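Working notes, structure below.
Number of protein chains: 4
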Amino acid sequence: MARFEGALAAAGAAAGLFPGSHADTIVQVCTRAAFDTKQLARDARLAGTLAIPFVKALTAQVASVSVESARFVHFGATSQDVMDTAAVLCLAPATQRIDALAVEVGEAAASLARAHGKTTTVARTLLQPAAPVPFGWKAAMWLAPFARSLPHFRRAVREACVLQLGGAAGTLSAFGARGQNVAALLAENLALTPAPTWHSARDAFARFGSETAILTGLAAKIARDVSLLMQPEIGEVAEPAGVGRGGSSSMPHKRNPSGCLLALEAATRAPGLASALLSELAPEHERGLGQWQSQWFTLRALAMAASSALAAMADVLQGLQVNTEAMRANLQRSNGLVFSEALSLRLSREVAERLVAQAVREERPLQEVARGALAEDEWQALFDAQQAFGSAGAMIERVLDDWATSRENALSFPRGSPRL
Amino acid sequence: MARFEGALAAAGAAAGLFPGSHADTIVQVCTRAAFDTKQLARDARLAGTLAIPFVKALTAQVASVSVESARFVHFGATSQDVMDTAAVLCLAPATQRIDALAVEVGEAAASLARAHGKTTTVARTLLQPAAPVPFGWKAAMWLAPFARSLPHFRRAVREACVLQLGGAAGTLSAFGARGQNVAALLAENLALTPAPTWHSARDAFARFGSETAILTGLAAKIARDVSLLMQPEIGEVAEPAGVGRGGSSSMPHKRNPSGCLLALEAATRAPGLASALLSELAPEHERGLGQWQSQWFTLRALAMAASSALAAMADVLQGLQVNTEAMRANLQRSNGLVFSEALSLRLSREVAERLVAQAVREERPLQEVARGALAEDEWQALFDAQQAFGSAGAMIERVLDDWATSRENALSFPRGSPRL
Amino acid sequence: MARFEGALAAAGAAAGLFPGSHADTIVQVCTRAAFDTKQLARDARLAGTLAIPFVKALTAQVASVSVESARFVHFGATSQDVMDTAAVLCLAPATQRIDALAVEVGEAAASLARAHGKTTTVARTLLQPAAPVPFGWKAAMWLAPFARSLPHFRRAVREACVLQLGGAAGTLSAFGARGQNVAALLAENLALTPAPTWHSARDAFARFGSETAILTGLAAKIARDVSLLMQPEIGEVAEPAGVGRGGSSSMPHKRNPSGCLLALEAATRAPGLASALLSELAPEHERGLGQWQSQWFTLRALAMAASSALAAMADVLQGLQVNTEAMRANLQRSNGLVFSEALSLRLSREVAERLVAQAVREERPLQEVARGALAEDEWQALFDAQQAFGSAGAMIERVLDDWATSRENALSFPRGSPRL
Amino acid sequence: MARFEGALAAAGAAAGLFPGSHADTIVQVCTRAAFDTKQLARDARLAGTLAIPFVKALTAQVASVSVESARFVHFGATSQDVMDTAAVLCLAPATQRIDALAVEVGEAAASLARAHGKTTTVARTLLQPAAPVPFGWKAAMWLAPFARSLPHFRRAVREACVLQLGGAAGTLSAFGARGQNVAALLAENLALTPAPTWHSARDAFARFGSETAILTGLAAKIARDVSLLMQPEIGEVAEPAGVGRGGSSSMPHKRNPSGCLLALEAATRAPGLASALLSELAPEHERGLGQWQSQWFTLRALAMAASSALAAMADVLQGLQVNTEAMRANLQRSNGLVFSEALSLRLSREVAERLVAQAVREERPLQEVARGALAEDEWQALFDAQQAFGSAGAMIERVLDDWATSRENALSFPRGSPRL
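Respectively, the protein sequence lines represent chains F, E, Z and C. Heads up, the first sequence is in the numbering used here, so the first residue is 17 and it goes up one at a time. Heads up, the second sequence is in the numbering used here, so the first residue is 17 and it goes up one at a time. Heads up, the third sequence is in the numbering used here, so the first residue is 17 and it goes up one at a time. Heads up, the fourth sequence is in the numbering used here, so the first residue is 17 and it goes up one at a time.
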């Protein structure tokens with residue numbers, strides 16, 4: 017908030033609204049200003065906004081240097097200008113971190129997709145083994161929505177992290193004809209983009225919230241799969257081991273999916289938080305009662321949830337232990353039933369169902385049961401997992417290409433400084 | 017968390033699981049234990065729970081007094097036991113405050129209902145003046161849902177704020193046949209009710225969340241009406257005035273509904289928070305991945321939202337300025353149109369519509385236009401607001417009676433202490 | 017809606033507001049009235065409510081019998097009276113069905129709890145095997161939140177399914193001193209409880225929504241566990257088999273958890289729907305803009321979600337196939353590691369960790385590795401699952417008792433009829 | 017769903033998987049197929065998906081023409097392929113309508129922005145008059161978020177409305193090397209874009225839900241303002257009048273904001289619906305339990321909410337009655353207090369506060385009270401609303417420019433047809 021007020025004073029002076037010496041004083045006080053935050057919080061409840069007691073306290077500090085300069089503190093701005101812009105200035109670096117973490121998760125998934133294009137595992141639908149697929153394809157399926165979503169997230173951030181400056185009514189009325197000029201200078205000082213007043217237009221924050229919840233959910237999707245695959249009865253992957261990781265306070269033998277837990281935890285909270293922002297799109301008139309005032313709470317909780325989820329999964333995927341042996345064993349334990357679709361298409365649904373029923377009844381591999389029903393080479397091909405991958409390879413390529421494009425152009429918010 | 021561990025040690029010793037001297041040591045260490053919270057937070061991320069590094073740190077502190085005693089720290093409990101019970105111990109006093117604030121709001125509304133049983137104002141439907149009602153009836157309508165909801169809130173709290181103690185699997189297996197006994201002793205030490213393990217049964221927290229969101233919404237309902245009535249164009253009520261209250265950082269003339277703002281702000285966040293708890297009812301097996309782990313975040317945010325909203329509205333209603341003069345003037349400005357229902361029922365919809373149309377067209381009071389259409393005494397009675405109150409008085413009585421009953425039996429959570 | 021208008025006319029006449037012959041006519045027309053629903057829907061959009069075109073169409077039908085009687089159609093009521101009461105009349109039988117289904121689910125869980133008090137399975141925490149528990153205890157843990165929640169649900173329903181009758185402003189002004197009398201008669205005619213006007217007090221619907229979402233979530237909790245236990249790699253339970261159940265359109269071998277799917281599906285939608293009702297608690301003044309108008313959409317979706325989830329799980333639990341053999345096998349596969357807590361408490365965390373590490377390293381059962389560390393009888397007892405159940409039996413008893421109490425007093429909404 | 021199966025058969029044959037004559041038969045049966053929807057619904061509950069009984073019924077109908085052709089019904093597809101693609105085929109035209117309605121709302125707001133660039137009204141912050149602004153600027157502020165959001169909505173739709181075709185495991189395994197080819201042909205037949213399998217990647221639907229909720233909220237923002245301005249005590253605008261519009265079933269005089277009501281109604285439901293989609297991002301493995309199965313419910317409810325809200329506000333804005341006389345009168349009633357910010361900046365906060373207090377105390381216009389404090393020409397300029405518009409004009413221009421760009425490139429989904 018002090019950064020905003022300092023930069024505003026510098027902009028006002030640069031636009032010729034008052035002498036630069038006043039701006040100098042204000043900027044200097046802002047740089048080293050200290051506040052009694054408990055008192056501010058108490059006063060903020062009475063005032064209905066933190067901005068009023070903050071500006072008052074800052075003005076007093078400036079006045080102790082120069083009474084004349086104090087007149088130009090907060091000049092032409094309104095409470096919401098400083099609150100919204102301060103929220104943006106806090107949000108911007110947080111979004112940069114979320115972006116970087118999402119890239120890390122995506123890169124780790126991409127590595128797995130590249131490394132395991134031929135590693136046979138089984139696809140599971142409705143928690144039941146379905147058909148053989150490459151583990152790398154599974155990783156590519158984790159990656160695909162990141163490739164789609166990251167550009168949306170960044171666009172949402174770039175539109176949300178913009179300057180708020182409207183003044184009392186939103187028209188920059190205090191600056192007369194120089195309003196756009198002051199806004200441009202202030203934006204430059206804070207290294208933000210200028211924008212038309214958005215006091216009562218909260219679409220960009222709502223969108224940011226949803227995109228952040230989506231990234232959190234995508235991290236949770238990976239966590240869901242990894243934690244299910246870590247069940248000892250399945251045991252196909254494991255989170256990286258390490259001191260202090262995934263133990264239990266009561267059971268010495270446990271190896272818990274503690275990284276996955278963090279992502280899943282965050283994803284249970286994110287939708288409700290995002291829905292709060294979606295329900296705050298219709299403030300009354302030019303400044304609403306109760307919508308924007310709470311958004312920084314929600315934005316902060318969302319940003320922290322996303323960071324936590326993505327950091328945890330970056331960690332998990334980067335050190336993921338892939339147990340190809342267990343994958344093979346589980347496939348074998350299925351007694352060939354995961355080839356039932358292939359058999360069904362090759363013969364017919366009825367014949368396949370009969371053979372499958374026989375295999376289940378006799379507890380014999382479907383391969384054996386079906387041996388006579390096809391020519392030998394067809395039979396071999398049909399029950400060869402590697403030949404059952406369909407378009408998996410092409411999809412992996414496509415997703416890796418999409419990712420290579422979408423990961424470019426990371427967010428970057430340099431820290432501005434008031435030009436005097 | 018240290019309170020839990022101390023009380024657990026005392027209970028374990030009292031149940032005869034280990035010598036009382038160990039419990040003494042543990043209780044004493046718990047009382048004065050200090051933790052490096054930053055380090056705990058870092059370790060908690062790796063461990064997937066705060067409980068593990070916490071117990072480890074506490075054990076180390078006990079061990080520095082007595083290695084032997086350290087063996088009995090956290091004896092028979094699991095991470096979730098200490099986390100959930102600690103959440104409950106934090107929540108309980110917060111709910112007491114919410115309860116007390118809700119009673120304050122209700123009492124203030126009840127006072128208004130009693131004081132303004134004859135004060136004529138206009139009911140507004142779809143933001144349009146509808147028909148005359150006593151302002152006290154309006155206050156009773158604010159009160160009625162509090163009278164209904166407070167007992168639900170309290171029941172929800174009493175079922176949510178109970179002991180969690182299940183041990184590794186939830187069966188209190190570590191205590192053999194003495195499990196129920198240890199649980200009862202621990203509950204007594206912490207002044208909580210014992211309960212069957214609820215590691216994976218989160219219904220009570222979900223219900224608590226919803227009831228808290230409802231109280232928050234009811235505060236917002238009052239805030240909605242007060243803020244609308246405070247519009248200067250209407251001006252029928254005003255928030256209490258005072259230094260630092262409801263000003264503007266840019267406009268010296270403003271008198272903002274800053275208390276209402278706080279209640280409305282809280283109510284925009286509460287439904288999303290409550291929905292998070294409602295979405296966490298189906299954890300996996302005996303301890304889920306990601307549901308309970310985040311609930312204290314959400315519970316805390318909800319409890320703070322409710323407190324903020326209720327405290328603000330208690331304040332607003334206790335000092336509410338009721339401008340009966342403005343109420344009368346607004347009624348008059350309606351040119352008698354608010355009596356159109358009465359006229360319609362007395363004559364007929366068609367005749368009434370004709371007279372209303374005439375009154376609107378000629379910009380004359382409906383009274384005048386309708387004068388010939390009824391006998392003089394009927395005409396007088398029909399356009400007398402005080403005679404148009406229908407069952408308002410009886411409803412006020414009924415609601416005040418309901419409230420008198422429902423406000424009894426406030427929540428009370430004494431602070432327990434380990435009995436040694 | 018026609019039921020409301022018929023019953024209202026009967027009540028009005030019985031209270032002496034107009035001759036009984038008019039009520040007769042209106043009731044008869046209401047009984048056989050037919051409407052052009054498409055036209056009503058179109059008109060409703062313009063009018064902002066279905067009630068206005070509905071009342072107009074009904075009045076026309078009454079007028080075609082008796083112009084005089086038509087004057088008393090909808091006499092003294094307002095749009096919201098008929099809309100809200102009609103919603104309640106639709107909701108009431110739906111809640112009866114939800115209640116009955118919840119009892120079915122509870123009963124089925126209770127049967128499992130009783131039948132499997134000695135069936136050893138393994139508790140799983142964070143999707144990892146933790147310690148042995150009776151399967152009946154697991155079922156009791158499913159049941160416990162039903163035992164807690166059903167009384168809350170019923171209370172919520174009984175407070176939500178009440179008469180709405182307030183008239184234009186909510187004060188029953190049209191009925192003069194006879195308002196309470198008309199309301200009582202109308203309530204009797206519709207077999208509903210009378211209540212103070214709740215046009216702008218939507219707490220009871222919000223609470224109903226949350227309690228319905230909770231029951232849905234509790235069904236989903238069971239579905240979560242059953243579907244995880246049905247994974248072929250675990251295979252401890254299975255949904256009942258049958259023609260048309262749980263197949264796949266592409267894979268003949270699959271046995272899908274299709275009942276669980278329905279419960280989980282419903283539970284993903286319920287929290288958002290409930291949050292909509294929680295966000296509609298602050299309508300403007302005496303009749304709000306946009307809150308109550310949409311609640312029947314949401315209530316209907318919620319009631320259907322709950323019915324679907326509970327019906328599915330009643331079905332699943334009633335025919336649940338419990339594979340005790342698989343439970344035993346899975347326990348054995350754990351190589352005794354699920355006894356690590358017991359070992360840790362009996363010896364010490366450090367010793368236990370050493371033995372566990374040895375067992376894991378040497379791929380030998382923990383039993384074997386730990387043999388020398390304890391006296392023979394202690395050793396036998398420690399590794400006997402049946403002796404590791406702690407308070408499981410007592411908890412099962414407690415939960416069954418709670419359930420026996422809570423299932424009493426089912427909801428019952430007889431269909432009223434206008435008394436002429 | 018029949019469209020999908022017909023187009024799939026045509027694609028399969030075109031890719032050379034089976035003879036074209038079978039595809040011919042299937043396409044023809046699909047075109048005229050009729051289903052017992054009640055029976056399908058019953059069977060769908062057992063099966064856990066509508067697709068299985070649907071495919072069975074369709075296969076039977078094809079078999080009655082040619083048993084041989086029946087083998088190729090649904091060839092290589094899985095239940096989710098047909099369900100998801102059918103949802104997309106229903107959604108696409110709905111999104112086109114939402115897009116067109118959003119453009120209508122935007123155009124109407126743009127017209128108001130252009131027409132009222134000089135019409136003086138008062139900005140209201142926290143429901144209190146703040147400072148004079150042009151009404152056209154207010155309309156531009158309604159428009160700005162539409163200009164920002166429409167491109168996001170369209171991008172979200174274009175990514176959500178794509179083909180789903182993955183087969184049993186998601187790898188198109190049934191088609192061997194021809195998978196991508198079949199997918200491309202099928203996409204062409206249905207006039208959809210092909211995409212990598214998204215069985216378990218629901219980000220695009222989640223994003224669509226959020227963007228739809230945002231458009232709904234933006235319509236509600238306009239509705240909020242219009243309904244507040246329609247309060248008779250303010251009376252600055254009115255919804256268009258007309259037969260059957262905005263009446264009351266009990267009060268003949270009322271003119272309700274019934275269009276605004278529809279938009280506000282929709283906006284109370286949309287956030288909860290959107291949050292359901294945001295909570296369904298982490299399905300288990302390659303096909304989840306309970307997430308995608310319910311999304312068409314939610315998508316349909318959201319699309320209908322958005323259409324309803326936008327259609328209502330297009331109507332309202334196109335016929336909006338703007339009462340410039342009332343705007344002027346309300347400004348005058350404020351006794352010049354809305355110029356307090358200007359005065360404060362020109363003189364100083366302290367002096368301005370003193371003058372404002374004096375004006376309030378003496379109930380005199382601030383103009384008069386402040387007369388001596390400034391030079392005459394400054395005084396005149398300061399209290400001239402038209403000179404207090406700051407950058408309002410420039411902002412209007414900027415927003416109109418943005419809108420002109422963003423409204424281009426409307427959504428368009430031609431209806432495809434299977435190429436045989």
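All C-beta atoms, glycine included, are put in the ideal place defined by N, C-alpha and C. Computed from a predicted structure; not experimentally measured.
Review point. Within 9 Å (strictly less), CB to CB, does P161(C) reach chain E?
Key: For P161(C), the answer is no, since every Cβ of chain E falls outside 9 Å of its Cβ.
Review point. In three-state terms, what does DSSP make of R303(F)?
Key: The answer is strand: DSSP assigns R303(F) an E or B state.
**Study point:** Own chain partners of G409(F) with C-beta closer than 7 Å, once the 5 adjacent residues on each side are dropped
**Key:** Hits under 7 Å: G133.
Check your understanding: What residues of chain A sit near M329(E), judged by a beta carbon separation below 8 Å?
Key -> Protein chains in the displayed structure are F, E, Z and C, and chain A is not among them.
Practice item. Taking only the alpha-carbon atoms, compute the straight-line gap between F313(E) and S324(F) and give it to the nearest angstrom. Key: F313(E) and S324(F): Cα-Cα distance of roughly 14 Å.
Check your understanding: Which residue from F151(E), E341(E) and D52(E) puts its Cα closest to that of G251(E)?
Key -> If we check each option's Cα against that of G251(E), E341(E) comes out closest.
Practice item. Can you tell me which of the three DSSP states V81(C) falls into? Key: In the structure shown, V81(C) sits in coil (DSSP, three-state: anything other than H, G, I, E or B).
Review point. Just to confirm, are T75(F) and S95(F) a CB contact at a threshold of 9 Å?
Key: Cβ atoms of T75(F) and S95(F): not closer than 9 Å.
Point to revise | Close Cβ partners of L363(Z) (< 7 Å) along its chain, the five nearest in sequence each way excluded | key: Result list for L363(Z): A389, in chain order.
Point to revise | Coil, strand or helix - Q337(E) by DSSP | key: Look at Q337(E) here: in three-state DSSP terms it is strand.
**Study point:** 9 Å Cβ cutoff, Q337(Z) in contact with chain F
**Key:** Under the Cβ criterion of 9 Å, Q337(Z) is not counted among the residues facing chain F.
Review point. For A322(C), which residues from the same chain have a beta carbon less than 6 Å from its beta carbon, with the 5 sequence-adjacent residues on both sides left out?
Key: The beta carbon of A322(C) is closer than 6 Å to those of I114, T228, L231 and T232 in its chain, skipping five residues each way along the sequence.
**Study point:** R271(Z) in three-state terms, based on DSSP
**Key:** If DSSP states are grouped into helix, strand and coil, R271(Z) belongs with coil.
Review point. P430(F) by DSSP, collapsed to three states: which one?
Key: Of the three classes helix, strand and coil, the one that applies to P430(F) here is coil, per DSSP.
Review point. What number of angstroms, rounded off, separates the C-alpha of S226(C) from the C-alpha of Q348(C)?
Key: S226(C) and Q348(C): Cα-Cα distance of roughly 42 Å.
Point to revise | C-beta neighbour in chain F for S324(E), strict 9 Å | key: Proximity of S324(E) to chain F, defined by a Cβ-Cβ separation below 9 Å, is satisfied.
Check your understanding: Any idea what DSSP makes of G49(F), helix, strand or coil?
Key -> For clarity, residue 49(F) is Ala in the given sequence; the question names Gly instead. Three-state DSSP puts A49(F) in coil, outside helix and strand.
**Study point:** Whole beta strand (DSSP E) elements within the segment 86-154 of chain C, 3-residue minimum
**Key:** You should have 136-141 and 144-150.
Practice item. Compute the beta-carbon to beta-carbon distance between G236(E) and A283(E), rounded to the nearest angstrom, for a pair I have assumed lies under 8 Å. Key: Sequence check: residue 236(E) is Ala here, not Gly. Contact between A236(E) and A283(E) holds: their C-beta atoms lie close to 3 Å from each other, under 8 Å.
Review point. For Q77(F), does the count of other Cβ atoms within 10 angstroms reach 16, so buried, or fall short, so exposed?
Key: In the assembly as shown, Q77(F) is a buried residue. Its beta-carbon has 16 or more other beta-carbons within 10 Å.
Practice item. Please list, in chain order, all residues of the same chain as A60(F) whose beta carbon is under 7 Å from its beta carbon, the five residues on each side excluded. Key: Closer than 7 Å at Cβ, skipping near neighbours: L66 and P69.
Practice item. Please state if the CB of L427(F) and the CB of Q112(F) are separated by a distance shorter than 9 Å. Key: Contact: yes.
Check your understanding: Going along the chain, which residues of the segment 277-309 of chain Z sit with their C-beta nearer than 8 Å to a C-beta in chain F?
Key -> Listed by position, the residues of the segment 277-309 of chain Z near chain F (Cβ gap below 8 Å) are L277, P287, G288, S291 and S295.
Check your understanding: DSSP on A254(Z), reduced to helix/strand/coil?
Key -> Assigned with DSSP and collapsed to three states, A254(Z) falls in strand.
Review point. Taking only beta-carbon atoms, is F91(Z) less than 9 Å away from chain E?
Key: F91(Z) belongs to the set of residues whose beta carbon lies under 9 Å from a beta carbon in chain E.
**Study point:** Residues of the segment 222-243 of chain C whose Cβ lies closer than 7 Å to any Cβ of chain E, in chain order
**Key:** Of all residues in the segment 222-243 of chain C, S243 have a Cβ within less than 7 Å of some Cβ in chain E.
Check your understanding: DSSP state of T209(F), grouped into three classes?
Key -> Three-state result, T209(F): strand.
Check your understanding: Are S165(C) and D219(F) closer than 9 Å when you measure CB to CB?
Key -> Taking 9 Å as the cut-off, the beta carbon of S165(C) is found closer than this to the beta carbon of D219(F).
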